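Protein chains: 2
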Amino acid sequence: MNEILVVGSVALDSVKTPFGEATEALGGSATYASYSASFFAPTRVVAVIGDDFPQEHVKLLQSRNIQTDGLQVAQGRTFRWSGSYEYDLNEAHTLKTELNVFETFKPRIPASYKKSDFVFLANIDPELQLDVLRQVDKPKLVACDTMNLWINLKPDVLRKVIARADFLFINDAEARQFTNTAGLIKAGRTLQSWGPKFVVIKKGEHGSLMFGKDAFFAAPAYPLEEVFDPTGAGDTFAGGFFGCVAKSGGDTSDAALRKAVIYGTAMASFTVEKFSLERLKALTPGQIEDRVRRLKELTHFDLV
Amino acid sequence: MNEILVVGSVALDSVKTPFGEATEALGGSATYASYSASFFAPTRVVAVIGDDFPQEHVKLLQSRNIQTDGLQVAQGRTFRWSGSYEYDLNEAHTLKTELNVFETFKPRIPASYKKSDFVFLANIDPELQLDVLRQVDKPKLVACDTMNLWINLKPDVLRKVIARADFLFINDAEARQFTNTAGLIKAGRTLQSWGPKFVVIKKGEHGSLMFGKDAFFAAPAYPLEEVFDPTGAGDTFAGGFFGCVAKSGGDTSDAALRKAVIYGTAMASFTVEKFSLERLKALTPGQIEDRVRRLKELTHFDLV
Numbered sequence: 145m146n147e148i149l150v151v152g153s154v155a156l157d158s159v160k161t162p163f164g165e166a167t168e169a170l171g172g173s174a175t176y177a178s179y180s181a182s183f184f185a186p187t188r189v190v191a192v193i194g195d196d197f198p199q200e201h202v203k204l205l206q207s208r209n210i211q212t213d214g215l216q217v218a219q220g221r222t223f224r225w226s227g228s229y230e231y232d233l234n235e236a237h238t239l240k241t242e243l244n245v246f247e248t249f250k251p252r253i254p255a256s257y258k259k260s261d262f263v264f265l266a267n268i269d270p271e272l273q274l275d276v277l278r279q280v281d282k283p284k285l286v287a288c289d290t291m292n293l294w295i296n297l298k299p300d301v302l303r304k305v306i307a308r309a310d311f312l313f314i315n316d317a318e319a320r321q322f323t324n325t326a327g328l329i330k331a332g333r334t335l336q337s338w339g340p341k342f343v344v345i346k347k348g349e350h351g352s353l354m355f356g357k358d359a360f361f362a363a364p365a366y367p368l369e370e371v372f373d374p375t376g377a378g379d380t381f382a383g384g385f386f387g388c389v390a391k392s393g394g395d396t397s398d399a400a401l402r403k404a405v406i407y408g409t410a411m412a413s414f415t416v417e418k419f420s421l422e423r424l425k426a427l428t429p430g431q432i433e434d435r436v437r438r439l440k441e442l443t444h445f446d447l448v
Numbered sequence: 145m146n147e148i149l150v151v152g153s154v155a156l157d158s159v160k161t162p163f164g165e166a167t168e169a170l171g172g173s174a175t176y177a178s179y180s181a182s183f184f185a186p187t188r189v190v191a192v193i194g195d196d197f198p199q200e201h202v203k204l205l206q207s208r209n210i211q212t213d214g215l216q217v218a219q220g221r222t223f224r225w226s227g228s229y230e231y232d233l234n235e236a237h238t239l240k241t242e243l244n245v246f247e248t249f250k251p252r253i254p255a256s257y258k259k260s261d262f263v264f265l266a267n268i269d270p271e272l273q274l275d276v277l278r279q280v281d282k283p284k285l286v287a288c289d290t291m292n293l294w295i296n297l298k299p300d301v302l303r304k305v306i307a308r309a310d311f312l313f314i315n316d317a318e319a320r321q322f323t324n325t326a327g328l329i330k331a332g333r334t335l336q337s338w339g340p341k342f343v344v345i346k347k348g349e350h351g352s353l354m355f356g357k358d359a360f361f362a363a364p365a366y367p368l369e370e371v372f373d374p375t376g377a378g379d380t381f382a383g384g385f386f387g388c389v390a391k392s393g394g395d396t397s398d399a400a401l402r403k404a405v406i407y408g409t410a411m412a413s414f415t416v417e418k419f420s421l422e423r424l425k426a427l428t429p430g431q432i433e434d435r436v437r438r439l440k441e442l443t444h445f446d447l448v
């Protein structure tokens with residue numbers, strides 16, 4: 145039983161980067177996270193889509209054996225996000241957010257999903273994340289992700305979600321903002337003190353930091369000469385990480401989680417090479433293994 | 145013969161951070177770099193000081209067996225820098241730079257230093273760095289550091305220095321600026337194409353990246369909950385790195401240089417714990433070894 149349930153957003157993203165433009169391409173936190181997780185463990189997804197949602201996108205998820213009965217089709221338009229990145233690609237500038245069917249979304253966890261041992265609350269309104277936790281049946285491990293919007297709008301609800309999660313994924317700027325702390329090490333430790341056993345701070349091109357009870361792990365990003373579009377990198381990372389954890393049956397030993405960070409890192413590095421899920425679509429397990437081995441090479445050193 | 149010659153600035157720094165303030169404390173690129181290098185190899189320093197320079201600072205360098213006959217005492221006041229750091233400590237804001245005796249400084253390399261096998265051109269005017277290269281006698285390896293000021297004012301002279309260096313140390317913002325490139329991987333490769341065999345990009349709390357001919361190495365910063373004052377961290381890193389290289393007799397194998405990055409990282413982590421050289425003064429070799437081992441622990445992972 146290592147099924148992973150991913151709840152989050154499915155979106156149509158319009159993204160502009162210095163290298164090009166994509167219009168109404170498949171996106172959303174649950175999309176990237178579930179697609180990434182599916183390389184490691186049986187994955188099921190819960191999200192809302194509008195009646196305009198292209199069927200090919202559902203088929204794409206199904207092509208990776210992701211269970212999609214949890215995709216609720218609502219009357220109206222699918223959630224849309226449009227954003228742009230400047231030259232440095234570090235920060236997404238939101239141009240427009242159309243909630244559409246998301247405005248009235250209430251996640252309904254299908255009966256067959258309720259016993260998922262691994263629950264990943266991808267970035268959505270923390271009220272909905274709490275709602276999911278009320279519906280699932282004692283998962284072995286819960287992970288959550290979030291974004292600055294919810295830190296600003298609903299910090300107290302978000303704190304409740306975090307307190308119930310085993311893993312928190314958060315990016316560096318958000319970690320600083322949420323804890324009102326400049327240093328990332330202190331920010332990570334503070335977030336940990338709010339409940340989650342493990343905190344992973346995602347730092348984009350600077351890699352990631354994982355904080356455990358007595359453990360600390362620092363990993364670089366996979367070195368790419370060209371980053372094409374960073375959209376979805378964090379979701380892909382978290383999905384890959386938590387997929388690895390599910391694959392191991394929930395091994396939270398330091399060694400297992402370090403490995404999960406590295407797989408998450410590799411997965412994210414593919415996402416940013418093209419728009420949307422274009423690169424992930426063509427991804428093979430062998431390519432993942434190559435990149436993971438390369439990460440080993442480029443971080444290894446001996447002291448003697 | 146593994147003597148290392150350090151040429152750069154010796155300064156009196158007035159620094160304000162969110163955690164406190166230091167007035168006319170010992171600083172300067174050559175000071176931090178030589179002090180750090182002295183833990184690894186016999187070190188000699190060339191710089192200019194004014195007739196107001198406190199003798200205790202010279203004694204401090206001598207206490208680490210740093211040869212100080214290259215400290216040229218000029219009539220007038222010592223170079224002074226004052227700056228402040230905001231809450232995030234990432235960027236130094238220069239409040240005032242008083243060149244003083246630096247305005248007319250011409251480095252004179254003492255005859256007994258000319259045969260130094262390892263020459264570190266710490267951050268100073270690139271014209272002076274070139275001048276040093278004209279005076280030394282076929283060093284085995286040359287390293288240089290710089291800053292945004294020289295990238296702005298004298299990019300062409302700086303390019304000449306870089307072309308003659310085996311190692312270039314540069315921080316992330318400067319690497320992006322100098323190469324007009326957003327991505328650090330591409331920036332590093334571009335800098336390498338300008339001549340130096342090895343480029344090390346220093347990223348502060350995010351660690352460092354080293355680019356070799358076919359090699360690439362990523363190291364995190366040592367995780368500190370409190371960074372007190374980042375002044376001198378980059379110089380300390382570079383001094384420790386190049387000190388290690390000198391200690392090895394100039395071993396530029398990938399394995400040796402990775403180890404040098406890690407020692408540089410450890411050295412820098414001590415500098416930022418207090419103002420000026422306060423923490424370095426109390427540093428013991430055992431403490432360095434502890435931190436280096438800790439860096440091994442926190443970056444290590446196994447794929448099986």
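Chains as they are written, first to last, in the numbering used here: chain A, 145 to 448; chain B, 145 to 448.
The beta-carbon is built from N, C-alpha and C at its ideal position, and this holds for glycine as well.
Computed from a predicted model, the values in this text were never measured in an experiment.
Starting from residue 193 of chain B and walking both ways along the beta strand (DSSP E), at which residues does that stretch end? 187 to 194
Kindly indicate the opening and closing residues of the alpha helix (DSSP H) around residue 199 of chain A. 199 to 207
Could you pull out every unbroken alpha helix (DSSP H) segment of at least 4 residues lying fully inside the stretch 218 to 287 of chain A, listed in chain order? 270 to 279
Hey, could you find the ends of the alpha helix (DSSP H) residue 382 of chain A is sitting in? 377 to 391
If you count every other CB in all the chains shown that lies within 10 Å of the CB of residue 278 of chain A, and 16 or more means buried, which is it? exposed
Chain-ordered chain A contacts of residue 328 of chain B [CB-CB under 8 Å]: 349
How would you label residue 248 of chain A, buried or exposed, when you count the other beta carbons within 10 angstroms and need 16 or more for buried? exposed
Helix, strand or coil for residue 214 of chain B per DSSP? coil
DSSP state of residue 292 of chain B mapped onto helix, strand, coil: helix
If residue 380 of chain B sits next to residue 362 of chain A, beta carbons under 8 Å apart, how far is it from one beta carbon to the other, in whole angstroms? So it is not a contact: roughly 20 Å between Cβ atoms.
Under 7 Å, Cβ to Cβ, is there at least one residue of chain A near residue 494 of chain B? Nothing about residue 494 of chain B can be reported from this structure: the residues present for chain B run from 145 to 448 only.
Between which residues of its own chain and residue 220 of chain B is the CB-CB distance below 6 Å, once the five residues before and five after are set aside? 194, 244, 245
Shortest alpha-carbon distance to residue 319 of chain B belongs to which of B:353, B:309, B:391? B:353
DSSP state of residue 304 of chain A, grouped into three classes? helix
Identify which residue in A:281, A:161, A:217 has its Cα closest to the Cα of residue 226 of chain A. A:161
What does the alpha-carbon distance come out to for the pair residue 241 of chain A and residue 169 of chain A? 14 Å
Contacts of residue 440 of chain A in chain B (Cβ-Cβ under 8 Å): 445, 447
Count the CB pairs spanning the stretch 281 to 296 of chain A and the stretch 398 to 418 of chain A that are closer than 8 Å, and state whether there are at least three. no
Does any residue of chain B have a CB that is nearer than 7 Å to the CB of residue 381 of chain A? no
Exposed or buried, residue 337 of chain A, counting other C-beta atoms within 10 Å across all chains shown (16 or more means buried)? exposed
Output the distance between the C-alpha atoms of residue 252 of chain A and residue 391 of chain A, rounded to the nearest integer angstrom. 25 Å
Within 10 Å of its beta-carbon, does residue 296 of chain A have 16 or more other beta-carbons around it, so buried, or fewer, so exposed? exposed
Taking contact to mean at least 3 C-beta pairs separated by less than 8 Å, is the stretch 406 to 425 of chain A in contact with the stretch 209 to 224 of chain A? no
Taking 7 Å as the limit between beta carbons, can you name the residues of its chain near residue 435 of chain B, skipping five residues before and five after? 366, 410, 413
Residue 213 of chain A to residue 150 of chain A, Cα distance in whole Å? 12 Å
So, under 8 Å CB-CB, residue 451 of chain B and residue 313 of chain B are touching, yes? Tell me the CB distance rounded to an integer number of Å. Because residue 451 of chain B is not part of the residues shown, which for chain B are 145 to 448, the question remains open.
Among A:356, A:230, A:398, nearest to residue 165 of chain A - alpha-carbon criterion: A:230
Are residue 343 of chain B and residue 355 of chain B closer than 7 Å when you measure CB to CB? yes
Nearest neighbour of residue 257 of chain B, chosen from B:400, B:345, B:187 [CA to CA]: B:187
Any C-beta of chain A under 7 Å from that of residue 435 of chain B: no
Hey, how far is the Cα of residue 209 of chain A from the Cα of residue 174 of chain A? 15 Å
Please say whether residue 398 of chain B and residue 103 of chain B have beta carbons closer to each other than 7 Å? An answer regarding residue 103 of chain B cannot be provided, because it is not within the stretch 145 to 448 covered by chain B.
Given a limit of 8 Å on CB to CB distance, which residues of the stretch 350 to 364 of chain A reach chain B? 350, 351, 353, 360, 361, 362, 363, 364
Below 8 Å on C-beta distance, what does residue 179 of chain A contact in chain B? Chain B residues near residue 179 of chain A: none, gap ~22 Å exceeds 8 Å.
First through last residue of the beta strand (DSSP E) which encompasses residue 403 of chain B: Premise fails: residue 403 of chain B lies in the alpha helix (DSSP H), 398 to 415, not in any beta strand (DSSP E).
What does residue 402 of chain A touch in chain B if you count any residue whose Cβ is under 7 Å from its own? 445
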